[in-house]
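A.B. asks: Residue numbers for the sequence shown follow the numbering used here, so the first one is 174 and each next one is one higher.
Please see the structure below; I have some questions.
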Amino acid sequence: MISKKISILVSSLLVVGILGGCSSNSKTTSSSQGKIQGDLIKIGVTQVIEHPALDSAREGFTTALKDKGYEEGKNIKIDFQNAQGDMPTTQTIAEKFVNDDVKLIAAIATPSAQAAFNATQKAKKNIPIVITAVTDPIQAGLVKALDKPGTNVTGTSDAVSIEGQFELIKKLISNAKNVGIVYNTSETNSEIQVNEAKKAAANFGFNIVTSGITNTNEIPQALNSILGKIDVLYVPTDNMVVAATPTITKQCYSKGIPVIGSEAGQVKNGSVATAGIDYYKLGYETGLKAVEILEGKKPEEISVTTAKETSIVINEDAVKKLNIKIPEDINSKAEKVTGGVK
């Protein structure tokens, strides 16, 4: 009888031991999963506003990471934040990334780049920053020189030749004399481009007519103030203005005023044409620089580069609506798109 009780007791203990072992294994698995999650490299991506050019740059950036083996959920965790055009929010986003101790910050457009740089400097944290779609990183206070940044910032610039855009205007709208520009007076990159346009204008016989804004709601009135004084509107890579391209083209075309964009995304949204850069390629190049940093290189050792090539893009619907004749030398080499014209 006693022997039977002992046998039952031993069996019970074995069962408990087995269950305990299962429980222990379960806890170990859970802990292991937590560790894997904790080992993901945290990357903060900040974008000032959504519009095709910046979205393309972001897509190029993440694609470059993936092509080099850095994939979301596998070995990196990307925290994407969009300021929706609100400048104070760019600073809030940057401060969040700094407080989260991200491994790397990718900043898309000048306001987001400046906010990220300021946040890291204020917190005295040397978090690497890669930038893209920033017109003049030196004047924006982000780097000391393009070839040797000398700060925790590197990346790519979207500076384009204003001369190339003016040459296109001259060929498409041969009688144009007065070129209008609506721009955000709070964006450093916009101020730079307006100044460059004014310097180059005389060489093409152009007179620059500007109208400044501080928010998107002011765009219709800003356009109204200059539409009667201009022959063509040129839209620089001003994030606030570019995001309103459909509104701008509709208002301008109702008065017969052509709109020339500074990049392909604007043309796809209804602008007549551009001699601009490919923002996807620009973002991709920035992604490759980010990989260099993740693999041990310091940003101050990586030069800031600009777009290597430009291309002419023409919106056939806009050309037809405004009855613009495209010279054969341009038409033969231009990329054609449609849509976006109201």
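Don't be surprised by glycine CBs; every beta carbon is placed ideally from N, CA and C.
Leaving aside the five residues before and after A230 along the sequence, list all residues of the same chain whose C-beta is less than 6 Å from its C-beta, in chain order.
C.D. replies: These residues qualify, in order along the chain: I281, T305, A306, Y452, L455, G456.
A.B. asks: Contact between the region 314 to 329 and the region 424 to 432 is defined here as three or more beta-carbon pairs at a separation below 8 Å; is this criterion met?
C.D. replies: No, the region 314 to 329 is not in contact with the region 424 to 432.
A.B. asks: Within a Cβ cutoff of 8 Å, which residues of the same chain sit near T387, ignoring the five residues on either side of it in sequence?
C.D. replies: Contacts found: N357, T358, S359.
A.B. asks: Can you list, in chain order, the residues of its chain whose CB lies under 6 Å from that of D228, leaving out five sequence neighbours each side?
C.D. replies: Cβ neighbours of D228 beyond the five flanking positions: none.
A.B. asks: Roughly how many whole angstroms lie between the Cα atoms of D404 and I433?
C.D. replies: When rounded, the distance between both Cα atoms is 11 Å.
A.B. asks: Provide the residue span of the beta strand (DSSP E) that contains N255, from first to last.
C.D. replies: Note, N255: beta strand (DSSP E), 249 to 255.
A.B. asks: Quick test of the definition: if touching needs 3 or more C-beta pairs under 8 Å, does the region 334 to 352 touch the region 370 to 379?
C.D. replies: Yes: at least three Cβ pairs fall under 8 Å.
A.B. asks: Span of the beta strand (DSSP E) holding N376?
C.D. replies: Premise fails: N376 is in no beta strand (DSSP E) and is neither H nor E.
A.B. asks: If you scan the region 376 to 461 from start to end, which runs of the beta strand (DSSP E) of 3 or more residues do you find wholly inside it?
C.D. replies: Segments of the beta strand (DSSP E) lying fully in the region 376 to 461: 380 to 386, 405 to 407, 446 to 449.
A.B. asks: Please report the straight-line C-alpha distance between I487 and A448, rounded to a whole angstrom.
C.D. replies: Rounded to the nearest angstrom, the two C-alpha atoms are 9 Å apart.
A.B. asks: Would you mind sorting S505 into buried or exposed? The rule is 16 or more other CB atoms within 10 Å of its CB.
C.D. replies: That one is exposed.
A.B. asks: Quick one: grab the DSSP three-state call for E508.
C.D. replies: Strand, per DSSP.
A.B. asks: Could you pull the start and end residues of the beta strand (DSSP E) that K215 belongs to?
C.D. replies: Run containing K215: 214 to 220, per the beta strand (DSSP E) assignment.
A.B. asks: Along the beta strand (DSSP E) that carries S484, what are the first and last residues, could you check?
C.D. replies: Per DSSP, S484 belongs to the beta strand (DSSP E) from 484 to 488.
A.B. asks: Could you pull the start and end residues of the beta strand (DSSP E) that G353 belongs to?
C.D. replies: From DSSP, the beta strand (DSSP E) with G353 extends over 351 to 357.
A.B. asks: Starting from L238, trace the alpha helix (DSSP H) both ways and give me its first and last residue.
C.D. replies: Segment 225 to 240, the alpha helix (DSSP H) holding L238.
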